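To start, the structure under review is shown below, and the notes come after it.
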Amino acid sequence: MLSRISVVRSAPRLFVVPVRYKTSSVEGSVAQSKGFSKKEKAHEDEYVHRHELELLQKIRNEGPSMLASACISRHAPLVVELVITGFISTRIPPLYIFCDTLASAIEKFTNLSKITLCPSTFHETFLAKSLEILPSLTHLRDLTVNSSCMGSETVPLLVQINQLCKLTLHSPGRLILNALPEWLERLSPTLIGLHLKDNCGSITPGVLNSFVPHIREHLRELTLGLSYSLTDDDVFTALTQIPNLERLQLLYYLQLSPPKTVLRLTRLRSFTFLVDTVPSTRSDALALCRWIKRIISNAPLEVLRLVCDDPSVTTAHVPVDNIVDHLVTKHHTTLRVLDLAETYVGLEATRAILTRCVGLEELCLAARREVLVSMLVKAFLGDIN
1 MLSRISVVRS APRLFVVPVR YKTSSVEGSV AQSKGFSKKE KAHEDEYVHR
51 HELELLQKIR NEGPSMLASA CISRHAPLVV ELVITGFIST RIPPLYIFCD
101 TLASAIEKFT NLSKITLCPS TFHETFLAKS LEILPSLTHL RDLTVNSSCM
151 GSETVPLLVQ INQLCKLTLH SPGRLILNAL PEWLERLSPT LIGLHLKDNC
201 GSITPGVLNS FVPHIREHLR ELTLGLSYSL TDDDVFTALT QIPNLERLQL
251 LYYLQLSPPK TVLRLTRLRS FTFLVDTVPS TRSDALALCR WIKRIISNAP
301 LEVLRLVCDD PSVTTAHVPV DNIVDHLVTK HHTTLRVLDL AETYVGLEAT
351 RAILTRCVGL EELCLAARRE VLVSMLVKAF LGDIN
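Each residue of the sequence shown is one higher than the one before, counting from 1 in full-length UniProt numbering.
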């Protein structure tokens, strides 16, 4: 039974112009060469448009596309999730008819509950027609968008969507942030998850304080991406106003002064922290551990995860045993998942985890070979459940 539809356009497959010129230093389309006239460029545009139509007709006739199959009347009511990613043509919509095809498909998918609109390349009005339809989808509860829906023409359409339970904005810009407080006020009765991911440089303390009052009562999940405009005190002050948080994701970067705000997130069950690189000195490792403890100290923590933005960057193996000691002391009865695979944990700290955290279900660590041997011995002796 078809219940999820994913549309991913990759550059080699999507309407590639086969006619190209090449010299020793430059490669591009024929129309990009200054030696060609407007007539020749118009001829190329006509060729590209005809090529697009032929490919789309081929998809419709031969039926390899999941989108075409999902639009069939007996399949359309079964589609509950739509994902648009990859490289979409940057041609204006009248010359690129996939925007009409997508809007027509969304009209047929009346039971959509989750939509992701995050293409890597696009024309600024590519999703305008689709966004006009989304408010009529009565089952839509989870929406994820990127800058493709945050332009001057698309933001007014985007903020008309109501009844969302989860909203994810990748790299939100000034336009959507200006409209966010009013939008969140309308969404507040149903919204339980707000995720502002990736580049959040436009989120200043004033912007953060403008929308926090609208989410303080019902919000259970929050994500904040990187913004050098925000200090730890700014973030912690905002978090104190959202007492019912259960899942939190923050991006950590070293700051000159520690936060003065005391957090009491007494319902926080899951905390994920992102770092650019793992700590390379003991002082950096201790600063990270202190930052984590300030957030989770009063929480019934079940899940703690570390995500490294660039895991390919290797540094000195500096242990984060300090945070492990805290987990073993204060959260050993509740901890179920511990993922510190991007950092180093010493032998004694690992032994303490395996001995004290009796409810642990998932453990990811970076450690020496002696740690693995110790774990195997304990498992053989029945000391690990």
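Where is the CB? At the ideal position from N, CA and C, for every residue including glycine.
In this text, all values refer to a predicted model and were calculated from it rather than measured experimentally.
Residue of the options minimising C-alpha distance to residue i
{"i": "Val337", "options": "Leu219, Asn322 and Pro300", "result": "Pro300"}
{"i": "Leu327", "options": "Arg294, Asp309 and Asp310", "result": "Arg294"}
{"i": "Asp276", "options": "Leu263, Leu254 and Ile115", "result": "Leu254"}
{"i": "Ser89", "options": "Val80, Glu124 and Met66", "result": "Glu124"}
{"i": "Ala341", "options": "Leu78, Leu365 and Leu268", "result": "Leu365"}
{"i": "residue 392", "options": "Val278, Thr240, Pro181 and Ala285", "result": "In the structure displayed, the chain extends from 1 to 385; residue 392 sits before or after that span and is not available."}
{"i": "Val83", "options": "Pro119, Arg74, Cys71 and Glu107", "result": "Pro119"}
{"i": "Leu372", "options": "Leu347, Val358 and Leu304", "result": "Leu347"}
{"i": "Val79", "options": "Thr101, Ile115, Thr85 and Phe98", "result": "Ile115"}
{"i": "Phe109", "options": "Tyr96, Phe122 and Pro135", "result": "Pro135"}
{"i": "Val212", "options": "Asn199, Gly225, Asp233 and Thr237", "result": "Thr237"}
{"i": "Lys86", "options": "Glu107, Asn111 and Phe122", "result": "For the sequence presented, residue 86 should be read as Gly rather than Lys. Of the listed residues, the one whose Cα sits closest to Gly86 is Phe122."}
{"i": "Val159", "options": "Ser147, Gly151, Ala179 and Ser148", "result": "Ala179"}
{"i": "Leu102", "options": "Asn111, Arg91, Ser113 and Leu117", "result": "Leu117"}
{"i": "Lys260", "options": "Ile242, Leu250, Glu217 and Asp234", "result": "Asp234"}
{"i": "Asp325", "options": "Pro205, Thr334, Ala349 and Ser374", "result": "Ala349"}
{"i": "Glu81", "options": "Ile97, Arg74 and Asn111", "result": "Asn111"}
{"i": "Ile215", "options": "Thr204, Ser227 and Ile242", "result": "Ile242"}
{"i": "Ala287", "options": "Asn298, His75, Leu363 and Asp321", "result": "Asp321"}
{"i": "Pro258", "options": "Pro189, Gln249 and Asp232", "result": "Asp232"}
{"i": "Gln249", "options": "Leu274, Ser227 and Tyr228", "result": "Leu274"}
{"i": "Ser289", "options": "Glu302, Leu67 and Ile323", "result": "Correcting the residue identity first, residue 289 is Cys in this sequence and not Ser. Of the candidates Glu302, Leu67 and Ile323, the one whose C-alpha sits nearest the C-alpha of Cys289 is Ile323."}
{"i": "Cys99", "options": "Pro77, His75, Arg74 and Ile133", "result": "Ile133"}
{"i": "His218", "options": "Leu191, Ile97 and Pro77", "result": "Leu191"}
{"i": "Tyr96", "options": "Asp310, Lys129, Thr154 and Thr204", "result": "Lys129"}
Residues sharing a beta bridge with residue i, DSSP
{"i": "Ile115", "result": "Leu82 and Leu143"}
{"i": "Arg305", "result": "Thr272 and Asp339"}
{"i": "Gln249", "result": "Thr223 and Thr272"}
{"i": "Asn199", "result": "Leu226"}
{"i": "Lys166", "result": "Asp142 and Gly193"}
{"i": "Leu365", "result": "Leu340"}
{"i": "Thr110", "result": "Answer is none; Thr110 lacks a bridge partner."}
{"i": "Thr121", "result": "Phe87"}
{"i": "Pro213", "result": "According to DSSP, which records beta bridges pairwise, Pro213 is partnered with nothing at all."}
{"i": "Pro279", "result": "In the DSSP output, where bridge partners are listed per residue, Pro279 has none listed."}
{"i": "Pro93", "result": "Note: Pro93 sits in no beta bridge, so no partner."}
{"i": "Pro319", "result": "Tyr344"}
CB of residue i within 9 Å of CB of residue j, strictly
{"i": "Leu222", "j": "Gly193", "result": "yes"}
{"i": "Thr272", "j": "Leu304", "result": "yes"}
{"i": "Leu157", "j": "Leu184", "result": "no"}
{"i": "Arg247", "j": "Arg282", "result": "no"}
{"i": "Leu256", "j": "Leu230", "result": "no"}
{"i": "Gly225", "j": "Leu196", "result": "yes"}
{"i": "Arg369", "j": "His332", "result": "no"}
{"i": "Leu137", "j": "Ile106", "result": "yes"}
{"i": "Cys149", "j": "Ser104", "result": "no"}
{"i": "Ser152", "j": "Ser171", "result": "no"}
{"i": "Gly359", "j": "Thr329", "result": "no"}
{"i": "Glu362", "j": "Asp339", "result": "yes"}
Chain C contact for residue i (CB, 9 Å cutoff)
{"i": "Ile295", "result": "Among the chains in the structure shown there is no chain C, since it carries only a single protein chain."}
Whole-number beta carbon distance between residue j and residue i, since they are thought to touch under 8 Å
{"i": "Trp291", "j": "Tyr344", "result": "Rounded, the Cβ-Cβ distance is 18 Å, inconsistent with contact."}
{"i": "Leu167", "j": "Leu143", "result": "6 Å"}
{"i": "Ala352", "j": "Pro319", "result": "About 13 Å; that fails the 8 Å criterion."}
{"i": "Ile176", "j": "Leu169", "result": "6 Å"}
{"i": "Val262", "j": "Cys308", "result": "Their Cβ separation, rounded to whole angstroms, is 28 Å, which puts Val262 and Cys308 out of contact at 8 Å."}
{"i": "Arg220", "j": "Asn199", "result": "So it is not a contact: roughly 25 Å between Cβ atoms."}
{"i": "Leu164", "j": "Leu187", "result": "6 Å"}
{"i": "Ser210", "j": "Pro181", "result": "5 Å"}
Residue i Cβ short of 8 Å to the ligand SAH heavy atom set
{"i": "Leu335", "result": "Here there are no bound small molecules, and the ligand SAH is not part of this structure."}
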